[in-house]
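One line per chain: the protein sequences are A and B, in this order. The numbers in the numbering used here rise by one with no breaks, and the one at position 41 of the first sequence is 41. The numbers in the numbering used here rise by one with no breaks, and the one at position 26 of the second sequence is 26. Note that the Cβ used here is the ideal one computed from N, Cα and C, for glycine as well. Bear in mind the structure is a predicted one, so any value in this text is a computation, not a measurement.
Protein chains: 2
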Amino acid sequence: MIRLSTKGRYGTRLMLNLARHYGNGNDAVILKHISEDERISIRYLEQIIIPLKINRLVKSIRGAGGGYTLARKPEDIKLSEILHALEGNCCLVECVEDDSFCDFIEICPTYDIWKGATELLKGYFDGLTLKDIVTMAEKKDKKNKAKAR
Amino acid sequence: MIRLSTKGRYGTRLMLNLARHYGNGNDAVILKHISEDERISIRYLEQIIIPLKINRLVKSIRGAGGGYTLARKPEDIKLSEILHALEGNCCLVECVEDDSFCDFIEICPTYDIWKGATELLKGYFDGLTLKDIVTMAEKKDKKNKAKAR
DNA sequence: ATAATTCCTATAAATTCATGTTGATATTCG
DNA sequence: CGAATATCAACATGAATTTATAGGAATTAT
Chain A
1 MIRLSTKGRY GTRLMLNLAR HYGNGNDAVI LKHISEDERI SIRYLEQIII
51 PLKINRLVKS IRGAGGGYTL ARKPEDIKLS EILHALEGNC CLVECVEDDS
101 FCDFIEICPT YDIWKGATEL LKGYFDGLTL KDIVTMAEKK DKKNKAKAR
Chain B
1 MIRLSTKGRY GTRLMLNLAR HYGNGNDAVI LKHISEDERI SIRYLEQIII
51 PLKINRLVKS IRGAGGGYTL ARKPEDIKLS EILHALEGNC CLVECVEDDS
101 FCDFIEICPT YDIWKGATEL LKGYFDGLTL KDIVTMAEKK DKKNKAKAR
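What follows is the structure, encoded as structure tokens:
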């Protein structure tokens, strides 16, 4: 019912991939590698990375030896920014962000409900940076490996 | 990016409409009236109400003089139940509810993020009953009328 | 019987999701 | 310079899903 689009999900994974490679000197990552890592077609990644570039979350380096890198440090990129870039509005219903969308906001009994839910989510995604998520994933990975032993 | 489908939104409005008419003796409401009130086509309402009926949130009365009523009191119906009925899973991503959906949950760096967001939303919708929402809407309405004077 | 209303199935229209094609442009490296 | 590597850009296509409408069968009150 409430769904995060593939664009949002794939875009987040793309950014996490870049975050993991960030800061190793020559850190440009090519889409082909991300495609292999994340099992998402290059063509689709190309479409998804466009808004990320427009919103200056990634930088592109053209030509041989090129690729993409994060435009800022992983600790300075919030998940909310990523989701917002991938669609103008990071909200449950359009009327929450664009109040010209519907003429009945003033009297709509559900508007405040959806608005409240949106604010809740925004707060959650605002409190998570790429670094946070990478750290969480590393911990999880370590735990799994310990279990496997 | 994160979107509540029309089914979820329209279904909620449908239920709120029934809630407003609940308990007035002969309280069966026909879809035609809901259609006029909410400006949603009867045909679409018919589709939306099916899962609400299957999940025993509404009762139907067939034939002339029939219609629909809430199956329980508005204070006993939670918004989370409505959203859950309208789609099997009331979650941001399928893997959160159906762990056979993806094989990489154990190592997926984003799974826990989406799961956390889903839990947050669920908690929010769990704390809201139809009665709560109707009461909120009435207060809002009164306020608007006061302003108009 | 008739009218009202739910119920059931089909299908059209719009959007999202994903891949493919072609070719241009920029950059590195030998 | 020339060849290889990648991004950039504009489409085109097809499958899947969501959104919405339509026709008619079944049920019931009057």
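| Query | Result |
| --- | --- |
| For the alpha helix (DSSP H) that GLY123(A) lies in, which residues bound it at each end? | 111-126 |
| Hey, is MET136(B)'s beta-carbon within less than 8 Å of any beta-carbon in chain A? | yes |
| Using a Cβ-Cβ distance under 8 Å, would ARG56(B) count as near chain A? | no |
| According to DSSP, is LEU4(B) part of a helix, a strand, or is it coil? | strand |
| Just grab the DSSP bridge partners of GLY67(B) for me. | ILE61(B) |
| If you run the structure through DSSP and keep just helix, strand and coil, what is LYS78(B)? | strand |
| Between LYS73(B) and LEU16(B), what straight-line distance do the alpha-carbon atoms span, to the nearest angstrom? | 12 Å |
| How should ALA137(B) be labelled, buried or exposed, when 16 other C-beta atoms within 10 angstroms of its C-beta is the threshold for buried? | buried |
| Pull out every residue of the region 112-143 of chain B whose Cβ sits closer than 8 Å to any Cβ of chain A, in chain order. | ASP112, ILE113, TRP114, GLY116, ALA117, LEU120, LEU121, TYR124, PHE125, LEU128, ILE133, VAL134, MET136, ALA137, LYS140, ASP141 |
| May I have the straight-line CA-CA distance separating SER87(A) from VAL58(A), to the nearest angstrom? | Strictly speaking, residue 87(A) in this sequence is Glu, with Ser absent from that position. Answer to the nearest angstrom: the Cα atoms are 16 Å apart. |
| Only counting the same chain, and skipping five residues up and downstream in sequence, which positions put a Cβ closer than 6 Å to that of GLU75(A)? | THR129, LYS131 |
| List the residues of chain A whose Cβ lies closer than 8 Å to the Cβ of PRO109(B), in chain order. | ARG13, LEU16, ILE133, VAL134, MET136, ALA137, LYS140 |
| With DSSP as the reference, please indicate the residues paired to THR129(A) in a beta bridge. | LYS78(A) |
| Which residues in the same chain have their Cβ closer than 7 Å to the Cβ of GLY67(A), if we skip the five residues on either side of it in sequence? | ALA28, VAL29, ILE30, ILE61 |
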